[in-house]
Structures are given as structure tokens and as C-alpha cells.
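Count along the sequence shown starting at 1, add 807, and that's the number in the working numbering. C-beta atoms are modelled at their ideal positions from N, C-alpha and C, and glycine is treated no differently. On a predicted model such as this, the values are computed, not experimentally measured, just so you know. Quick notes on the structure that follows.
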Amino acid sequence: MTVKKDAVVEMHYTLKNDAGDVIDSSQGKEPMPFIQGHGNIIPGLESALEGMKVGESC
808 MTVKKDAVVE MHYTLKNDAG DVIDSSQGKE PMPFIQGHGN IIPGLESALE GMKVGESC
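Rendered as C-alpha cells:
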């Protein structure tokens with residue numbers, strides 16, 4: 808599957824601050840679902856995910 812507009816995507820994430828401390832993470836939990844191209848996540852992240860394939864990371 809390739810991430811493209813209207814695709815239902817599930818992803819794991821780890822959010823860190825500038826010092827590298829983990830602020831939030833989905834690891835060990837269910838992945839976060841969203842619909843690509845509908846503005847449901849941070850715009851820069853949505854742009855970075857466009858065109859990615861299963862198993863890739865950014």
C-alpha cells in the first residue's frame with residue numbers, strides 16, 4: 808500500500824522534544840489511524856507521509 812489521498816493509514820509514532828526526551832509514543836499500544844489528505848494530522852507530517860509504503864519510516 809502507498810500512502811495517498813483518501814487512504815486509511817495506521818501508524819506508530821514517537822514524539823520527542825528538542826532534548827530528545829520522549830513526550831508521547833504509540834509503541835506498545837494500537838497504531839494511530841487517520842485518513843490521508845483530510846487535514847486530520849499535522850500538515851508537515853501528512854506531507855512527509857505522502858507516497859510512503861508500508862514499513863518505511865520518516
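Could you tell me how far apart the beta carbons of residue i and residue j are, in whole angstroms, since I believe they sit closer than 8 Å?
i: residue 816; j: residue 841; result: 6 Å
i: residue 812; j: residue 844; result: 3 Å
Let me make sure I understand the geometry here. Which of the options has the alpha-carbon closest to that of residue i?
i: residue 835; options: 857, 864, 829, 819; result: 819
i: residue 832; options: 852, 821, 856, 838; result: 821
Within its chain, find whatever has a CB closer than 6 Å to the CB of residue i; leave out the 5 residues flanking it on each side and keep chain order.
i: residue 861; result: 808
i: residue 814; result: 843
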